[in-house]
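See the structure below:
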């Protein structure tokens, strides 16, 4: 089942999001992500969170549409994104796209990325998607489609990543080691429309900047 989590983040191009809502069989809004769901005329399957960022008007709107709303205490030891991923795991969902997970709040962006790592390690495929940037978490192999000239940065989320191989890039790597404090994988460039990222040990984040 293909699924979508909408979090309360940055949504920069309304038409881009509206054109993609049909791609998902199950849609979950994390708290204020539901504000954007209404804006894009999306009716989610579930709204989950402490309800500190969704408007009262939108709570009433979605209740009238019989959308399930699960409220958790505001004083908690996990984020709404973590709660959403946990719910997806319990449903047995393996493919998750996250909208709104990347934006001007760097702390939120990093927290969202790191929140997804354990779920990826347990077999979930998670991609952070936006009009200008997609972020993938890679434990073994990623087949990356894009346009020639797209900028792609590859960073390790673990202390180091070993056996890193890049094919289809301006700066290829063969059995390389990436270290968290030496970001040599920044600002690579696609030279083919189909590229491959492989890693033997460690966790990679692949940032695909999409040319418009």
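Numbering (our numbering), first residue to last: 26 to 237. Beta carbons are placed, not taken as given, at the ideal position from N, Cα and C, and that holds for glycine. In this text the structure is predicted, and so the values were computed from the model without any measurement.
DSSP places residue 165 in the coil class of the three-state scheme, outside both helix and strand. A straight-line Cα-Cα distance of about 30 angstroms links residue 35 and residue 191. By the Cβ criterion, the region 48-63 is in contact with the region 77-84, since at least three pairs of Cβ atoms, one from each stretch, lie closer than 8 angstroms. By the Cβ rule, the region 192-212 counts as touching the region 165-182, because three or more pairs are nearer than 8 angstroms. Secondary structure at residue 147: coil, using DSSP grouped into helix, strand and coil. Using a Cβ distance threshold of 9 angstroms, residue 166 and residue 221 count as a contacting pair. According to DSSP, residue 233 shares a beta bridge with 159, 177. Residue 84: member of the alpha helix (DSSP H) spanning 81-89, first to last residue. Taking C-beta atoms under 8 angstroms as the contact rule, residue 134 and residue 125 fail to qualify, at a distance of about 10 angstroms. Counting the other CB atoms within 10 Å of its CB gives residue 205 a total below 16, which places it among the exposed residues.
Fewer than three pairs of CB atoms, one per stretch, sit closer than 8 angstroms, so the region 44-54 makes no contact with the region 138-151.
The shortest CA-to-CA distance from residue 41 to any of 157, 118, 130 is the one to 157.
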